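Visitor: One rule links them: number in our numbering = place in the sequence shown (from 1) + 544.
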Amino acid sequence: MNGRLAKRMSLVLLGWIAACTAPSAGISQRAPVAESAVAQPQPAPAAPVAAPSPATPPNPGQPVSYPSAEAGFRAFLTSIRGQALERGVRPATLDMILPGLSFNERVVALDRNQPDDSSPGQPPSMAGYLARRLDDARISGGRDRYARMQPRLMAFESRFGVPGPILLGIWGMETNYGGYTGNFDVLQSLATLAYDGRRRSLFTNELIAALEIVDRGLAPRSALTGSWAGAMGNPQFLPSSYLKTAVDGDGDSRADIWNSEADSLASIANYLVKAGWKRGEPWGLEVGVPATMDRRAIAGTAVSPTCPRVHARHSRWMTVAEWKALGLTAVGKGWPADHLRATLIEADGPGGRAFLTFDNYRALLDYNCSNYYAISVGLLADAISR
545 MNGRLAKRMS
555 LVLLGWIAAC
565 TAPSAGISQR
575 APVAESAVAQ
585 PQPAPAAPVA
595 APSPATPPNP
605 GQPVSYPSAE
615 AGFRAFLTSI
625 RGQALERGVR
635 PATLDMILPG
645 LSFNERVVAL
655 DRNQPDDSSP
665 GQPPSMAGYL
675 ARRLDDARIS
685 GGRDRYARMQ
695 PRLMAFESRF
705 GVPGPILLGI
715 WGMETNYGGY
725 TGNFDVLQSL
735 ATLAYDGRRR
745 SLFTNELIAA
755 LEIVDRGLAP
765 RSALTGSWAG
775 AMGNPQFLPS
785 SYLKTAVDGD
795 GDSRADIWNS
805 EADSLASIAN
815 YLVKAGWKRG
825 EPWGLEVGVP
835 ATMDRRAIAG
845 TAVSPTCPRV
855 HARHSRWMTV
865 AEWKALGLTA
875 VGKGWPADHL
885 RATLIEADGP
895 GGRAFLTFDN
905 YRALLDYNCS
915 NYYAISVGLL
925 ADAISR
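1) Counting pairs of Cβ atoms below 8 Å between the stretch 766–778 and the stretch 787–804, do you hit three or more?
2) What would DSSP say about Asp-729, mapped onto helix, strand or coil?
3) Residues in the same chain with beta-carbon distance under 8 Å from Asp-894, minus the five sequence neighbours each way, listed in chain order, please.
4) Expressed to the nearest angstrom, what Euclidean distance is found between the alpha-carbon atoms of Ala-628 and Ala-881?
5) Relative to the alpha-carbon of Asp-729, which residue among Asn-720, Phe-647, Arg-696 and Thr-719 has its alpha-carbon at the smallest distance?
6) Please classify Ile-752: does DSSP put it in a helix, a strand, or coil?
7) For the stretch 787–849, list the alpha helix (DSSP H) runs that are entirely contained and at least 4 residues long, ordered along the chain.
8) Hey, would you say Leu-888 sits closer than 8 Å to Ser-859, going by beta carbons?
9) For Tyr-690, which residues in the same chain have their Cβ closer than 8 Å to its Cβ, ignoring the five residues on either side in sequence?
10) For Met-670 and Thr-901, I'd like the C-alpha separation in whole angstroms.
11) Can you tell me whether Ser-859 is helix, strand or coil according to DSSP?
12) In chain order, what residues of the same chain have a beta carbon less than 6 Å from the beta carbon of Val-747, not counting five sequence neighbours either side?
13) Taking the alpha carbon of Phe-899 as the reference point, which residue from Met-837, Leu-872 and Phe-617 has its own alpha carbon closest?
14) At what residues does the beta strand (DSSP E) containing Leu-900 begin and finish?
15) Leaving out the 5 sequence neighbours to the left and right, which residues in its chain are closer than 6 Å to Ala-588 when beta-carbon positions are compared?
16) Report yes if the CB atom of Leu-782 is closer than 8 Å to the CB atom of Ile-641, and no otherwise.
17) State the CB to CB distance for the pair Val-864 and Ala-886, rounded to an integer number of angstroms; the pair is presumed to be in contact (CB under 8 Å).
18) Distance, Cα to Cα, Ser-784 vs Asn-749?
19) For a test of the three-state rule: what should DSSP assign to Leu-888, helix, strand or coil?
20) Residues bridged to Gly-770 by DSSP?
21) Kindly list the residues whose CB is nearer than 8 Å to the CB of Phe-502, restricted to its own chain and excluding five residues on each side of it in sequence; keep chain order.
22) If you compare alpha carbons, which of Asn-915, Asn-727 and Ala-619 is closest to Gly-828?
23) Could you tell me whether the Cβ atoms of Ala-763 and Ala-907 are closer together than 8 Å?
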């Protein structure tokens, strides 16, 4: 995906889904996401089922067959018109956009063929995920941009408190620095997903937010392209996140996340600030863990209201001083202040790579609720800054 309910699914159904072993069932307002699979699958269309009544959207969870869905889809858009009018979208905008939307079978197929944690087989390892995502090209691309954009990135850090390498880490992981932002018609995708019904409330809200973007003149209709799940531009924001967190970064009084690098990075920074980023604090630290450490003694007991399975992989909170007393050693960089709180995550289990994660790590999870994703952003940022 920058209302937190939608935001916390970590959005998050992107055109490429971030991988992790224990995903959340929630949805981020940036872009809906699952926590497994690096590349977007290329599935066959969903099997046809009995067509719904033309005036009635399908039951949630029931696949829709094209073209029999088109009549019901048109009726559904009539209800969207009423809701959009209530939100203040002008009739002229709706007259311009709604008649041109059509049901997209491909979008439904992609949505229904996302990797599922409940599927048989072992989920991908964090080591494998990082090997695929943290390649030399992505790191060198981030370093090149850091060198080229350093004065602007320093200005953003002064303004928002978020270091430039973190902004580049998200940009690099989301779209490879703008290399792939998606070419789906966002309005058509969101209308299709809202009609399909699996997450009707979420996607109806996002569809109306997209209509508001055009209606307010914030972006032209033609600019609203992105992933099949409606994530847009360099930061891969859903429309509601754009409305809440997109900001001007280049001084032209517009927030153009599609074409302006400065606007995109400033908007990512603003998103993280709203998600709780703390100025001057780290995201995490790779550590060595003694083989003899009793994991039961540090097990977490709290249950997170959002992304519970992602957060369940973390230990309980302890201070840096307490972790050091247990024999943990810092890897790659020095220890932060002893009073800072951190949790331990060993995503691949004892013997694999281990990380202490601080409060700012939670802001990264807010952007995309996947431990693999958040760790990869932090490690990419560390590599860029070296």
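Don't be surprised by glycine CBs; every beta carbon is placed ideally from N, CA and C. These numbers come from a predicted model, not from an experiment.
Guide: Checking against the coordinates, here is how it stands:
1) yes
2) Here residue 729 refers to the residue found at position 185 of the sequence shown. The answer is strand: DSSP assigns Asp-729 an E or B state.
3) As a working mapping, residue 894 is identified with position 350 in the sequence shown. A small fix is needed here, since residue 894 is Pro in this sequence, not Asp. So the qualifying residues of the chain are Val-833, Ala-835 and Arg-839.
4) Here residue 628 is taken as the residue at index 84 of the sequence shown, counted from 1. Here residue 881 is taken as the residue at index 337 of the sequence shown, counted from 1. Cα to Cα, Ala-628 sits roughly 50 Å from Ala-881.
5) Walking along the sequence shown from the start, residue 729 turns up at place 185. It is Phe-647.
6) As a working mapping, residue 752 is identified with position 208 in the sequence shown. Note: Ile-752 maps to helix in three-state DSSP.
7) 805–818
8) Position 344 of the sequence shown, counted from the first residue, corresponds to residue 888. Position 315 of the sequence shown, counted from the first residue, corresponds to residue 859. For Leu-888 and Ser-859, yes; Cβs fall inside 8 Å.
9) One-based indexing of the sequence shown puts residue 690 at position 146. Counting only Cβ-Cβ distances below 8 Å, and skipping sequence neighbours, we find Leu-697, Gly-708, Pro-709, Leu-712, Ile-928 and Ser-929.
10) What you label residue 670 is simply residue 126 of the sequence shown in a count that begins at 1. What you label residue 901 is simply residue 357 of the sequence shown in a count that begins at 1. Taking the straight line from one Cα to the other gives about 15 Å.
11) By one-based count along the sequence shown, residue 859 stands at place 315. Strand.
12) Here residue 747 corresponds to residue number 203 of the sequence shown, with the count starting at 1. The question names Val, but residue 747 in the sequence shown is Phe. Contacts found: Leu-734, Leu-737 and Ala-738.
13) Mapped onto the sequence shown, residue 899 falls at position 355. Checking every option, the nearest Cα to that of Phe-899 belongs to Leu-872.
14) Indexing the sequence shown from 1 puts residue 900 at position 356. 898–901 is the extent of the beta strand (DSSP E) around Leu-900.
15) Here the question's residue 588 lines up with position 44 in the sequence shown. Any reading at Ala-588 needs caution, since the residue's pLDDT is 33, under 50, leaving its predicted position unreliable; the model's value is listed next. If we look at Ala-588 and ignore the five residues flanking it on each side, it has no Cβ neighbours.
16) In the sequence shown, the residue the question calls residue 782 occupies position 238. In the sequence shown, the residue the question calls residue 641 occupies position 97. In this structure, Ile-641 does not lie closer than 8 Å to Leu-782 by Cβ.
17) As a position in the sequence shown, residue 864 is number 320, starting the count at 1. As a position in the sequence shown, residue 886 is number 342, starting the count at 1. With a Cβ gap of about 6 Å, Val-864 and Ala-886 count as contacting.
18) As a first step, residue 784 must be located in the sequence shown, where it is residue number 240. As a first step, residue 749 must be located in the sequence shown, where it is residue number 205. Whole-angstrom Cα-Cα distance: 8 Å.
19) Working through the sequence shown from its first residue, we reach residue 888 at position 344. Correct three-state label for Leu-888: strand.
20) On the sequence shown, residue 770 is found 226 positions in, with the first residue counted as 1. According to DSSP, which records beta bridges pairwise, Gly-770 is partnered with Phe-728 and Met-776.
21) With the chain represented from 545 up to 930, any question about residue 502 goes unanswered, as that position is not in the structure.
22) Mapped onto the sequence shown, residue 828 falls at position 284. Among Asn-915, Asn-727 and Ala-619, the Cα nearest to that of Gly-828 is on Asn-915.
23) Locating residue 763 in the sequence shown gives position 219, where the first residue counts as 1. Locating residue 907 in the sequence shown gives position 363, where the first residue counts as 1. Not closer than 8 Å, so no.
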